[in-house]
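Line order of the protein sequences matches chains A and B. Heads up, the first sequence is in this note's numbering, so the first residue is 14 and it goes up one at a time. Heads up, the second sequence is in this note's numbering, so the first residue is 14 and it goes up one at a time. In this text, a Cβ means the ideal position worked out from N, Cα and C, and glycines have one as well. The next block holds one structure in the form of structure tokens; read it before the comments.
2 protein chains.
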Amino acid sequence: MRVEFTPDDFQVALATSVVVFGFDGANLQVLIAKKVGMPYEGAIILPSTVVHPNEDVEATARGLVERVTGKQDWPLEQLNAHADVYRNPVGRVVNISFYCLIKLDDELQSNLKKANYRWVNADDVPAMAYDHDSVLEYAKERLKRRVKRRPIGFSLLPKEFTMNQIQRLYECALGKSFDKRNFRRKLLKSALLLETDKMTRATARAKRPSRLYQFDEKKYRTMTLRGYDFVF
Amino acid sequence: MRVEFTPDDFQVALATSVVVFGFDGANLQVLIAKKVGMPYEGAIILPSTVVHPNEDVEATARGLVERVTGKQDWPLEQLNAHADVYRNPVGRVVNISFYCLIKLDDELQSNLKKANYRWVNADDVPAMAYDHDSVLEYAKERLKRRVKRRPIGFSLLPKEFTMNQIQRLYECALGKSFDKRNFRRKLLKSALLLETDKMTRATARAKRPSRLYQFDEKKYRTMTLRGYDFVF
DNA sequence: TCAAAAGTGTTAATCCTACACCCATGC
DNA sequence: GCATGGGTGTAGGATTAACACTTTTGA
Chain A
14 MRVEFTPDDF QVALATSVVV FGFDGANLQV LIAKKVGMPY EGAIILPSTV
64 VHPNEDVEAT ARGLVERVTG KQDWPLEQLN AHADVYRNPV GRVVNISFYC
114 LIKLDDELQS NLKKANYRWV NADDVPAMAY DHDSVLEYAK ERLKRRVKRR
164 PIGFSLLPKE FTMNQIQRLY ECALGKSFDK RNFRRKLLKS ALLLETDKMT
214 RATARAKRPS RLYQFDEKKY RTMTLRGYDF VF
Chain B
14 MRVEFTPDDF QVALATSVVV FGFDGANLQV LIAKKVGMPY EGAIILPSTV
64 VHPNEDVEAT ARGLVERVTG KQDWPLEQLN AHADVYRNPV GRVVNISFYC
114 LIKLDDELQS NLKKANYRWV NADDVPAMAY DHDSVLEYAK ERLKRRVKRR
164 PIGFSLLPKE FTMNQIQRLY ECALGKSFDK RNFRRKLLKS ALLLETDKMT
214 RATARAKRPS RLYQFDEKKY RTMTLRGYDF VF
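Next comes the structure, spelled out in structure tokens:
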């Protein structure tokens, strides 16, 4: 079997886009950007960058996330390569996309305001340029599958969080709702959570304070590596 | 957010490799090839080909599978892109890999003998050139996950097959073994199988003939699209 | 005292697991 | 008649799904 390249074959460029998920306590959010310069000037896109021919794709994507959010957080997960011949008007560009999960906080929010980025509800993302709509669709699909095989939350939730927050997160990620008692029982049985002795008022409207939990980090890591079958 | 390409960025080449799984009734097999020409002359590789700058990646991969096996079969599934800077000594080559599942038959086997391909047991694949070992590892991982979410077998088994064949297939794919009665009950409950009134001798050594089943195609397709949670 | 969200148990149905023997046939 | 794989049922434990009321607090 021959696999021979001619100089003419080295004519493709690389790009990477990142679907950055965040969770604001009520909804899953996605980070979007506004395109500057041609083509698609002013269009909404996913945070994206050129990958130069001597650069590592994942390292470039990681740099992009850090530049945009100021955070280095949980590992990136590679999504499909998007490689349609005419997906980019400037030439053949193969986009290798990733997703990652980061914690939202106020500092992050205000940093973003200065830059040309904003968070939008994951189910309410406006139409984007290139094929970024389908990159996002695929990322949401992958997140759904991921939730059933490995825990999420460590990167998305604050260090201490309430049962309702984590339930809401799972509901957003999977797009359905759960019975409070059953959800609670299942999570506690998994022994993934540690009960703290702190209480908080979950929202301004909530009167009664609720208990805060945190992840058992060791267990969380084990489950992240080994995987499980969570049948929600 | 700017994403601007310079002419220097268009210097990358594309390749695609395919992990072709087959099932011989007893073991999962993978199709491997022998490299002709430099670099890695004579090395074992996955079936691979250059993707020219104006070619669609998936179509090229599909053409590769058809050329090698003479079959056009079940859809290809995209695996990760492999894009390490120095993965190919001739220059920066991004490999977008796929896996597919095809039926083994005798005609196919003898065609292969003429060409430079051969089937090897999926758990016994020799070391390969480039990063094809890790492409294969990832493909096996993906197949495992796939088995739990969608049915397999339609593309891997003959039209009519015995319970033991399909059980053996699932055992190979997941790398563990199941209780005969429990497996049978579960598959029958899924209503994925139609019982035929034919019987066969499964192997030469088997004395008693066993019943043949086929897939309920409509149900199979529904489950392929919708997915399920098979907790084997 | 009322509004709002927090928290809590039980039951019935289903599913999973583990387990061992007889059957039909070819040799 | 015996060796080979084909085929079958059950019981105990675990897991799920569905369900509604009381508690705590701030306003």
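Relative to the ligand FAD, is the shortest distance from any of its heavy atoms to the C-beta of residue i smaller than 7 Å?
i: Arg100 of chain B; result: Among the components modelled here there is no ligand, and therefore nothing to report on the ligand FAD.
Run through chain A and tell me which residues come within less than 7 Å of residue i, C-beta to C-beta.
i: Pro60 of chain B; result: Met14
i: Ile109 of chain B; result: Ala94 and Ala96
i: Val70 of chain B; result: Ala96
Beta-carbon within less than 8 Å of residue i's beta-carbon, same chain only, minus the 5 sequence neighbours each way: which residues are those?
i: Lys127 of chain B; result: none
i: Arg100 of chain A; result: Val106, Asn108, Tyr143 and Asp144
i: Leu182 of chain A; result: Phe36, Leu41, Ile165, Gly166, Leu169 and Leu170
i: Tyr112 of chain A; result: Val31, Val32, Val33, Phe34, Leu89, Glu90, Leu92, Ala152, Arg155 and Leu156
i: Tyr233 of chain A; result: Pro164, Phe167 and Leu205
i: Ser147 of chain B; result: His95
What does residue i reach in chain B if we use C-beta pairs closer than 8 Å?
i: Glu17 of chain A; result: Gly50 and Val63
i: Ala26 of chain A; result: Phe18, Asp22, Phe23, Gln24 and Val25
i: Asp146 of chain A; result: Under the 8 Å cutoff, chain B gives no residues; its nearest Cβ is about 16 Å from Asp146 of chain A.
i: Val244 of chain A; result: Asp242 and Val244
My understanding is that residue i touches residue j, with C-beta atoms under 8 Å, so please give their C-beta distance in whole angstroms.
i: Ser110 of chain B; j: Leu121 of chain B; result: Going by Cβ atoms, the distance from Ser110 of chain B to Leu121 of chain B rounds to 22 Å, so no, they are not a contact pair.
i: Pro60 of chain B; j: Tyr130 of chain B; result: 7 Å
i: Lys161 of chain A; j: Asp229 of chain A; result: Not quite, the Cβ-Cβ distance comes to about 20 Å (not below 8 Å), so this is no contact.
i: Val98 of chain B; j: Asp69 of chain A; result: 6 Å
i: Ala94 of chain B; j: Ala94 of chain A; result: 4 Å
i: Phe174 of chain A; j: Leu225 of chain A; result: 7 Å
i: Leu44 of chain B; j: Val81 of chain B; result: 7 Å
i: Ala74 of chain A; j: Met14 of chain B; result: No, Ala74 of chain A and Met14 of chain B are not in contact; Cβ-Cβ is about 14 Å, not under 8 Å.
i: Glu17 of chain B; j: Gly50 of chain A; result: 6 Å
i: Gly240 of chain A; j: Arg163 of chain A; result: 6 Å
i: Leu149 of chain A; j: Val133 of chain A; result: So it is not a contact: roughly 11 Å between Cβ atoms.
Where does residue i land, buried or exposed, given buried means 16+ other C-beta within 10 angstroms?
i: Asp22 of chain B; result: buried
i: Gly55 of chain B; result: exposed
i: Thr216 of chain B; result: exposed
i: Ser30 of chain A; result: buried
i: Lys231 of chain A; result: exposed
i: Thr19 of chain B; result: exposed
i: Leu207 of chain B; result: exposed
i: Ala28 of chain B; result: buried
i: Leu77 of chain B; result: buried
i: Met236 of chain B; result: buried
i: Arg194 of chain B; result: exposed
i: Lys202 of chain A; result: exposed
i: Lys48 of chain A; result: buried
i: Ala26 of chain B; result: buried
i: Leu238 of chain A; result: exposed
i: Ala135 of chain A; result: buried
Over the uninterrupted beta strand (DSSP E) stretch that includes residue i, give me the two end residues.
i: Ser168 of chain B; result: No beta strand (DSSP E) contains Ser168 of chain B, which DSSP labels as neither H nor E.
i: Thr82 of chain A; result: First-last for Thr82 of chain A: Val70 to Thr82, but that is the alpha helix (DSSP H), not the beta strand (DSSP E).
i: Tyr143 of chain A; result: Where Tyr143 of chain A is concerned, there is no enclosing beta strand (DSSP E), given that its DSSP letter is neither H nor E.
i: Ile115 of chain B; result: Ile115 of chain B -> no beta strand (DSSP E), and no H or E assigned at all.
i: Asn134 of chain A; result: Tyr130 to Asn134
i: Asp37 of chain B; result: Note, Asp37 of chain B: premise wrong, no beta strand (DSSP E); not H, not E.
i: Thr216 of chain B; result: Looking at the DSSP string, Thr216 of chain B is not in any beta strand (DSSP E), and its letter there is neither H nor E.
i: Gln91 of chain B; result: Glu90 to His95
i: Val98 of chain B; result: Careful: Val98 of chain B lies outside any beta strand (DSSP E) and carries neither H nor E.
i: Val25 of chain B; result: Segment: none, Val25 of chain B is in no beta strand (DSSP E) and carries neither H nor E.
i: Val244 of chain B; result: Element bounds for Val244 of chain B: n/a, residue is neither H nor E.
i: Val64 of chain A; result: Ser61 to Val64
Using C-beta distances below 7 Å, list every residue in its chain close to residue i, excluding the 5 sequence neighbours before and after it, in chain order.
i: Pro222 of chain B; result: Met212, Thr213 and Arg214
i: Glu9 of chain B; result: Because chain B is modelled from 14 through 245, residue 9 of chain B falls outside the range shown and cannot be assessed.
i: Leu187 of chain A; result: Lys157, Val160 and Phe245
i: Ala96 of chain B; result: Val107
i: Asn124 of chain B; result: Gly83
Just curious, the alpha helix (DSSP H) that residue i is in, first and last residue?
i: Ser190 of chain A; result: Per DSSP, Ser190 of chain A belongs to no alpha helix (DSSP H) and is neither H nor E.
i: Met14 of chain B; result: Run containing Met14 of chain B: none; DSSP gives neither H nor E here.
i: Lys231 of chain A; result: Glu230 to Arg239
Note down, in chain order, every chain A residue with its Cβ under 9 Å from the Cβ of residue i.
i: Arg159 of chain B; result: The contacting residues do not exist; Arg159 of chain B stays about 10 Å from chain A at best.
Starting from the beta carbon of residue i, find every residue of chain A whose beta carbon is closer than 8 Å, and list them in chain order.
i: Gln91 of chain B; result: Asn93 and Ala94
i: Gly104 of chain B; result: Phe18 and Phe23
Residue i touches chain B at which residues, Cβ-Cβ below 9 Å?
i: Lys127 of chain A; result: In chain order: nothing, as chain B lies at least about 13 Å away.
i: Val31 of chain A; result: Those do not exist, as Val31 of chain A stays about 12 Å from chain B at its closest Cβ, beyond 9 Å.
What does residue i reach in chain B if we use C-beta pairs closer than 7 Å?
i: Asn67 of chain A; result: Val98
i: Gly188 of chain A; result: Within 7 Å Cβ-Cβ: nothing; Gly188 of chain A doesn't reach chain B, min ~14 Å.
i: Lys47 of chain A; result: Met14
Just to confirm my understanding: we take residue i, look at its own chain, exclude 5 residues before and 5 after, and list those with CB closer than 6 Å. What are they?
i: Lys189 of chain A; result: none
i: Ile179 of chain B; result: Gly166
i: Gly38 of chain B; result: Gln178
i: Ile58 of chain A; result: Ala46, Lys48, Met141, Ala142 and His145
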